Every structure is written in C-alpha cells, then in structure tokens.
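For the sequence shown, this note's numbering gives the first residue as 171, with consecutive numbering after it.
Even for Gly, the Cβ is constructed at its ideal location relative to N, Cα and C.
No experiment lies behind these values; they were computed from the predicted model shown.
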Amino acid sequence: MSSTLTLRIAHLYPELLNLYGDSGNILVLRKRMEWRGISCEVQEVHLDDHPSFADVDIAFIGGGSDREQRIVCDRLLSVRNELAAFVEDGGVLGAVCGGYQLLGHSYLMGDEEVRGLSLVDLYTDRGSPRLIGNIAVQSRISAQPVVGYENHGGRTHLGSGVEPMGRVLHGHGNDGVSGEEGCLYKNVVGTYVHGPLLPKNPGVADYLIARAMERRYATSELEPLDDAMELAANKAMFDRLMADEGKEL
Ligand code: GLN
C-alpha cells in the first residue's frame, strides 16, 4: 500500500479522559496503520483548544471519573455542532465509558445532570452498586469476542433505534440487566470496555481503521497482520471468563 495514505486521529482531552490505559488505544491504532504503510497523525485536543474536525478521520474519547466528565462536558458542548457534523458525515468516533456516556443526551447523577452531546440517542443514569469486573461481549464488529474491563456507576439506556455494540457474554454491559453492551451508530462505536480496549481486540481496531479508510480512500480492505500475540491474549482472557461463567451457573 502506498505510504502517501494518511489517517488523522483527534484524541480528545487525553489529560483527563484516560482511565485504565485508554490512551493505549491510540498507540494501537497508530501501529496497526503504520504496519500497513498508512501514516498516522495524532492531534491531541486539550481543554483550551477549539478543534476543527474537517481533516479528522478518527476521533477518540476515553473514560473518566464523574469529576472529569463534569470538567470536559462544557468544552465538548462548545464543539458539539462540529462533532455532530463529523459523525453525520460518517466520521469514525470511538468512545469508552465516560466518553461513551457523553455521546448521549445526559448523564444523571441523582439530582445533578451532566449534559451530553446528543450525538447518539441514549442517556445514562447512575445506579448502585458500581458495575465492576472483567467483561466479554459478542459483537458483529469483531471476529473474536471483545474482552476487557468495566467499572462504572452509570447505566446507559439506548433509544429504540440504536444498535448495541454487542451482547454481554460475561460481565454487566450497558446497565447490568439488558444483556446489551455499548452502541453502534453510523461509524460511532461506544463501549464500556476499558483495558485498554484495542490491544486485545484487534478486530475492533481494524473495524475503526477500515471505516476511516472507506470514508477517506473508498477502500475498506486492510492488509492482514500477524495477530498471533493479540489473539492469544484475547483467547486467554475469554477462556478465563467463560470458565468463571461455568462456575457461576
Ligand atoms: N464516571 C462514569 C461512571 O462511573 C464513567 C467511569 C469510567 O469511565 N470508567 O459511570
């Protein structure tokens, strides 16, 4: 593949939204592009920046505590229209946990409401207890089950037309009861899966890269990579969780 191909990532508020190694997702995207001869430019968006998404291919928002979500929410709302235009135009947006919650209309914490971006028809309210532990999800965007770690007080409720990212095989997911995890909307992937998400889930990483390639270069075909290590890590985690599942039955 010609090295003139370039994809640009906008990493939003990495200094605040970086729970459980979420920034590692950016490293994975970069390496998987570079291994294929696609150059990758990463722009970190900080609190005082007013980014444009005109040249961006993949935007990424990590997870954060309730406190950090309160801090970024006003900033995010100030770029809401640009982000909405990006999403509606098929821009790729990956969002994890606290970032995922902010894609929706609101995050209700008791009497307090953190306003979200309303990019996807969903909302979150806080419940008890926190939903904590390892998680495995079956998703159409990955040939392997998506594995990782979740820790959230929020329960996310999807609007009727919104597709979940997948079905919970082990763990809690969106609300601990629906069996649904995350959301898919256009080229947006929202999920509670930290870990970080992408190192052990190369299928999800390539889904994001392929969608960005399709939009920018009209090709979604990606050169296969040797994922032996990643797939072994994925399988080790999945087998462990399924063995636990057996014990819980
Ligand atoms: N603060 C949010 C919650 O507890 C998100 C946490 C996270 O990003 N892990 O629900």
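Discussion item. Could you check whether the stretch 363-378 touches the stretch 273-282, counting it as contact only if at least three pairs of C-beta atoms, one from each stretch, sit closer than 8 Å?
Written reply: no
Worksheet item: Going by the CB atoms, is the gap between G352 and R337 shorter than 8 Å?
Response: no
Item to complete: With a floor of 3 residues, list each beta strand (DSSP E) that falls wholly inside the stretch 204-289, ordered by position along the chain.
Response: 209-215, 228-231, 262-266, 276-279, 282-285
Practice prompt. Compute the minimum distance between the beta carbon of C353 and the heavy atoms of the ligand GLN, and state whether it is under 7 Å.
Written response: no
Fill in: Cα-Cα separation between F408 and Q308, rounded to whole angstroms
11 Å
Fill in: Inter-residue spacing [alpha-carbon to alpha-carbon] between T176 and S298
44 Å
Discussion item. Which residue wins for smallest C-alpha separation from L186, given the options E211, P221, L246, L199?
Written reply: L246
Worksheet item: For L368, is the beta carbon positioned less than 7 Å from some heavy atom of the ligand GLN?
Response: no
Worksheet item: Looking at Y270 and G360, is the spacing between their C-beta atoms short of 8 Å?
Response: yes
Worksheet item: Who are the Cβ neighbours of L419 in its own chain at under 8 Å, not counting the five residues just before and after it?
Response: With a pLDDT of 49 at L419, under the threshold of 50, the modelled position of this residue cannot be trusted, and the question is left open.
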